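Engineer: Below you will find the structure I want to go over with you.
In UniProt numbering, the protein residues as written are 1 to 601.
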């Protein structure tokens, strides 16, 4: 399955880049020079230096010549990121190129440096592209332009022939690297609209080479190759280090000591017997064996006369004697009841019940359970002490009950006074409801820092959340290049527009008054020294932030590279997968967290 996935992606992308494999030897019409195919025997440079700026993006000068030596500053920068190339002596880059290279790599390092193996794997092919003295073996300049001011030719587009194994190895070493600052995977940010969930090696490299990416200086067409030599080019291929292994002992100052941990060992298989739960099987076996043993004992002893005695621990003669004494006790009890039938006094009835109970107890204890010879021992001191204590407690509580029954109002009055006296301290009770007071000690680090923040800046903002649910709306089936994706009723376009209308009404509450939203909202991206805040600068975590609260942006449609129609649902998938995409930032200038905008937290 894994290999099939690799081949299917490779075929898909290669078809899209076939035009670069069967191209003529000349450059684009924008070029004034020509480029020759790489010579497998001895490569050369395809650029050197920088000679054009397009915004903040520096573009390299086209150069079809041999490599040149570096100065000390350039060598230091090269050793920082590309120590494996430090001993070559001559390079296809100068000091300024390496300074630009350093600043660009630092941005990637912010996301990938938690796994030095991943970072090194990625940087290896970038080092070769930037400075390798044999660039022409795997790079082809397919488009150039001329700087009108300097009349120098600069590179607009290149083809990078790269090994499939290298791409997959680098991707696998980086796909699980996380970014704690965002709580997402690095590829959620670095794989464009695909996000980490749908990213693949070719999609990742394609995004890193896409000139529409504001951080890419020129178009880089990564062409995946599986053969060692293709059309005169030798695809770039270096050994990659998995994120679970330590780097080789190289002098790479950018690596960190902590590496990605190896995968956890698989959990032990559950105890089973013949496919059944082992513990349940043992319990059944024990139950069956125990039942069989009991039934066997009953069958063996069923013809004898000692079965009951065997169970109770007495012989048959003793059992007959015990039964006889029990019958005699019952007859005595019946005679006692008959003697008291004519007495209707409650006291006599109570006394009779007490006597009857005592007789029953004595008969049951001494006549049935006791065996002959057990009445000879006198009572011990402990037994006499227990009997006297029981008698004393009985008499004491009898007197106390009689006293309370004869003076009920006095008892209730003194009882009330006692309750009031013991409970008057409730007026000093203070109920603490502030969570800060409940859970944070006044001397704790978090409490001290909070007090400092509140006293020097202002108390932290309090958020308000409104949850809106779609009712009686159907699901939406959206056809994409990845197949049909089903969205819930909340993504109905009419429903979302109604949500925007409600949002705008809430933003307009108290307009031009002291309690309007712009007076009380949290606006972290205001300019320094700004005294007034606009509503658009307030942090509002809503799905409409992905569309900048614009109906026109929401209704805009397009077409993806595979010919499928794109609409607001595709924009949502892009932004929810990568909230840091510049096209997905809300009006206040920050991101929309999908976990909040979709009502999950």
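Think of the CB as a built atom: it goes at the ideal place given N, C-alpha and C, for glycine as much as any other residue. A quick note: this is a predicted structure, and the numbers were derived from the prediction, not measured.
(1) For residue 242 versus residue 169, is the C-beta spacing smaller than 9 Å?
(2) Cutting at 8 Å between CB atoms, please list the residues of its own chain near residue 65, excluding the five before and the five after it.
(3) Drop a sphere of 10 angstroms on the beta-carbon of residue 544, count the other beta-carbons inside from all chains shown, and report buried for 16 or more, exposed for fewer.
(4) Across the segment 93–100 and the segment 67–79, are there enough close Cβ pairs to call them in contact, namely three or more that are closer than 8 Å?
(5) Answer with buried or exposed for residue 183, where buried requires no fewer than 16 other C-beta atoms within 10 angstroms of its C-beta.
(6) Throw me the rounded Cβ distance for the residue 669 and residue 596 pair, which I believe falls under 8 Å.
(7) Hey, does residue 454 have any beta-carbon neighbour from chain D nearer than 9 Å?
(8) Let me know if residue 89 comes out buried or exposed under the rule of 16 or more other beta-carbons within 10 Å of its beta-carbon.
(9) Anyone know if the C-beta pair for residue 140 and residue 162 falls short of 9 Å?
(10) Is residue 531 helix, strand or coil when you go by DSSP?
(11) How many angstroms separate the CA atom of residue 86 from the CA atom of residue 216?
(12) Just to confirm my understanding: we take residue 474, look at its own chain, exclude 5 residues before and 5 after, and list those with CB closer than 7 Å. What are they?
(13) Could you tell me which residues DSSP puts in a beta bridge with residue 163?
(14) From this set, 498, 517, 127 and 196, which residue's C-alpha is nearest residue 463's C-alpha?
(15) Would you list the residues sitting across from residue 578 in a DSSP beta bridge?
(16) For the candidate residues 180, 110, 212 and 83, whose alpha-carbon lies nearest to that of residue 55?
(17) Report the residue ranges of all alpha helix (DSSP H) runs contained in full by the segment 417–458; include only those spanning at least 4 residues, in chain order.
(18) Once the 5 residues before and after residue 100 are set aside, which same chain residues still bring their CB inside 6 Å of it?
(19) Among 415, 207 and 244, which has the Cα closest to the Cα of residue 578?
(20) Enumerate in chain order the residues of its own chain whose CB-to-CB distance from residue 220 is below 7 Å, with the five nearest sequence positions on each side excluded.
(21) Could you pull out every residue in the same chain whose Cβ sits closer than 8 Å to the Cβ of residue 354, ignoring the five residues on either side in sequence?
(22) Is it right to say residue 602 is buried, meaning 16 or more other beta carbons lie within 10 angstroms of its own, or is it exposed?
(23) Taking Cβ to Cβ, would you say residue 440 is nearer than 9 Å to residue 430?
(24) What residue from 122, 195 and 284 has the CA that sits closest to residue 239's CA?
(25) Which one or two residues does DSSP pair with residue 275 in a beta bridge?
(26) Which residues share a DSSP beta bridge with residue 91?
(27) Taking the C-alpha atoms as reference points, what is the distance between residue 285 and residue 294?
(28) What are the uninterrupted segments assigned as alpha helix (DSSP H) that are 4 or more residues long and contained completely in the UniProt domain "NPC1 middle luminal" (450–600), given in chain order?
(29) Give me the Cα-Cα distance between residue 564 and residue 496, rounded to the nearest whole angstrom.
(30) Around the C-beta of residue 513, are 16 or more other C-beta atoms found within 10 angstroms, so that it is buried, or is it exposed?
(31) Taking 9 Å as the threshold (C-beta atoms), are residue 478 and residue 485 in contact?
(32) Are the segment 170–189 and the segment 113–131 in contact at 8 Å, needing three or more beta carbon pairs?
(33) The alpha helix (DSSP H) that contains residue 391, what's its start and end?
(34) Do residue 568 and residue 523 come within 9 Å of each other at the CB atom, strictly closer than that value?
(35) Entirely within the segment 110–178 and at least 3 residues each: give me those beta strand (DSSP E) ranges in chain order.
(36) Please list the terminal residues of the continuous alpha helix (DSSP H) segment that includes residue 207.
Structural biologist: Let's see:
(1) In contact: residue 242 and residue 169 (Cβ atoms closer than 9 Å).
(2) Result list for residue 65: 44, 45 and 48, in chain order.
(3) buried
(4) yes
(5) exposed
(6) Not covered by the structure: residue 669. The range shown for the chain is 1 to 601.
(7) This model lacks chain D altogether, as it is built from one protein chain only.
(8) exposed
(9) Annotated as distal: residue 140 and residue 162, with beta-carbon spacing of 9 Å or more.
(10) coil
(11) 25 Å
(12) 489
(13) 225
(14) Closest option to residue 463, Cα to Cα, is 517.
(15) Answer by DSSP bridge pairing: none, since residue 578 is not bridged.
(16) When 180, 110, 212 and 83 are compared, the shortest CA-CA separation from residue 55 is found for 212.
(17) 435–439 and 445–456
(18) 58
(19) For the options 415, 207 and 244, the alpha carbon positioned closest to that of residue 578 is the one of 207.
(20) 158, 160 and 209
(21) With a pLDDT of 48 at residue 354, under the threshold of 50, the modelled position of that residue is not reliable, and no figure is offered here.
(22) Coverage of the chain is limited to positions 1 through 601, which leaves residue 602 absent and any answer about it impossible.
(23) no
(24) 122
(25) Paired residues: none, contrary to the question.
(26) 68
(27) 14 Å
(28) 493–507, 517–520, 551–555, 568–577 and 594–597
(29) Rounded to the nearest whole angstrom, the C-alpha separation of residue 564 and residue 496 is 23 Å.
(30) So residue 513 ends up on the exposed side.
(31) yes
(32) Segment contact: the segment 170–189 against the segment 113–131, three or more CB-CB distances shorter than 8 Å; contact assigned.
(33) 381–406
(34) No, Cβ-Cβ distance for residue 523 and residue 568 is not below 9 Å.
(35) 139–146 and 153–163
(36) 201–209
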